[in-house]
Amino acid sequence: MRKIIFSGAVIFSVIAASFWGCGPKKNSEEASEKLTGTVEIDGSSTVYPITEASAEEFRVENPKVKVTIGVSGTGGGFKKFVRSEIDIAEASRPIKKSEDSACKAAKIEYIELPIAYDGLAVVVNPQNNWVDYLTVEELKKIWEPEAQGKIVKWNQIRPNWPNEEIHLFGAGHESGTFDYFTEAIIGKTKASRGDYTASEDDNVLVQGISTDKFALGYFGLAYFTENKEKLKLIPIDDKNDENGKGPILASDETVMNGTYQPLSRPLFIYVNKNNAESNSSLDSFVHFYIDNAVELVPDAKYIPLSKEVYELVKKRFKEKKTGSVFLNKESTVGVKLEEVLK
35 MRKIIFSGAV IFSVIAASFW GCGPKKNSEE ASEKLTGTVE IDGSSTVYPI TEASAEEFRV
95 ENPKVKVTIG VSGTGGGFKK FVRSEIDIAE ASRPIKKSED SACKAAKIEY IELPIAYDGL
155 AVVVNPQNNW VDYLTVEELK KIWEPEAQGK IVKWNQIRPN WPNEEIHLFG AGHESGTFDY
215 FTEAIIGKTK ASRGDYTASE DDNVLVQGIS TDKFALGYFG LAYFTENKEK LKLIPIDDKN
275 DENGKGPILA SDETVMNGTY QPLSRPLFIY VNKNNAESNS SLDSFVHFYI DNAVELVPDA
335 KYIPLSKEVY ELVKKRFKEK KTGSVFLNKE STVGVKLEEV LK
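For the sequence shown, this note's numbering assigns the number 35 to the initial residue and increments by one for each residue that follows.
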């Protein structure tokens, strides 16, 4: 099974105090008055809250710039990106080889920018008093394609669990969360049973699980944090003591230090290089996004990268460095952002 391990994060409050300063970094009044035009964004519902927070602050300083943000899932965002319908594609996973090929065919150069960390939360209804933790092997048994129509009751996972149906909730097929979960748990992207309630809207999943005693589902950790009174978070054991011994509960700390595996990940934005060079409003917005991420990412309930990684991200965009650092890797196990971005 392939797993993604990202490290190098530091406590963001220290960064904010000692490096980035307090409050969003503002453009000069002169620059703000001159900036006009539009910035078109679409993609991951997971990344959306960060981008929206950045856009709101940017609009305050640049009222003549129109920033629009859609939510069609990571896959849907890349489709629009390839058709040149948007300037920025939000993604909750790295770009795929097929998407990279489509960009090349359309003569679109892109700049890949990690902007935050996230973890995937595995949750049940608060009335569920039998699940204390789940192993990666058990999650695979529940979610693999072969489980469809066969693994349908809780006691098929562990004999002492109830003889009741499991009601599954998860990400829709256009979601980067779906791609990430299936790769991390099943070992193959998009390999999943199909008999579950699927949605690109995490709020739909929260509503379903919170009202069903026998539900089990997954989505971004931020959505659990926003709804923690309605849900029960389940620790995950990957059986690899090098990552952390025993079941590990998802949290900012365990995602940042790499012990919550294999369900922790970075989040990205992909910027059209030509548009960034020709559209000063787009260029300014991306710089603003990176400069203020350490404050705005936590406000959106996600986890900021380290100071070192944000500096590398900023350098990557300033130099308009194109392509993905993940495409030619046979495995992403052990990848460190601070190393691959150099």
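Think of the CB as a built atom: it goes at the ideal place given N, C-alpha and C, for glycine as much as any other residue. Since the model is a prediction, treat every value here as computed from it, not as a measurement.
- The criterion of a C-beta distance shorter than 9 angstroms is not satisfied by residue 281 and residue 296.
- Bounds of any alpha helix (DSSP H) do not take in residue 299; it lies within the beta strand (DSSP E) bounded by 298 to 306.
- The three-state secondary structure of residue 206, taken from DSSP, is coil.
- Per DSSP, reduced to three states, the secondary structure at residue 193 is coil, with no helix or strand assignment.
- Here the alpha carbons of residue 118 and residue 329 stand approximately 30 angstroms from one another.
- If you check the CB distance, residue 124 and residue 111 come in under 9 angstroms.
- The alpha-carbon separation between residue 200 and residue 323 amounts to approximately 41 angstroms.
- Each of 196, 236, 114, 217 was checked against the Cα of residue 261, and the nearest Cα belongs to 236.
- Annotated three-state conformation of residue 129 is coil, per DSSP.
- Around the C-beta of residue 135, fewer than 16 other C-beta atoms lie within 10 Å, and the residue is accordingly described as exposed.
- If you draw a 10 Å sphere on the C-beta of residue 152, you find 16 or more other C-beta atoms in it, and that means buried.
- If you compare the alpha carbons of 177, 180, 168, 68 with that of residue 195, the shortest gap goes to 168.
- The way I'd put it, the stretch 206 to 220 does touch the stretch 102 to 116; three or more beta-carbon pairs between them come closer than 8 angstroms.
- Rounded to the nearest whole angstrom, the CA to CA distance from residue 256 to residue 276 is 26 angstroms.
- Taking 9 angstroms as the cut-off, the beta carbon of residue 145 is found no closer than this to the beta carbon of residue 349.
- Three or more Cβ pairs closer than 8 angstroms define a contact, and the stretch 164 to 184 falls short of that threshold against the stretch 83 to 98.
- Around the beta carbon of residue 171, a 10 Å sphere encloses fewer than 16 other beta carbons of the protein chains shown; the residue is thus reported as exposed.
- Here residue 157 is not near residue 219, since their CB atoms are 9 angstroms or more apart.
- Pairing residue 351 with residue 81 gives a Cβ-Cβ distance that is not under 9 angstroms.
- In the structure shown, the three-state DSSP call for residue 218 is helix.
- Residue 300 counts as buried, since no fewer than 16 other beta carbons sit within 10 angstroms of its beta carbon.
- The DSSP-derived three-state label of residue 336 is coil.
- Between the beta-carbon of residue 305 and that of residue 298 there is about 24 angstroms, and that puts the pair past the 8 angstroms contact cut.
- Looking at 360, 278, 163, 314, the one whose alpha-carbon comes closest to that of residue 250 is 163.
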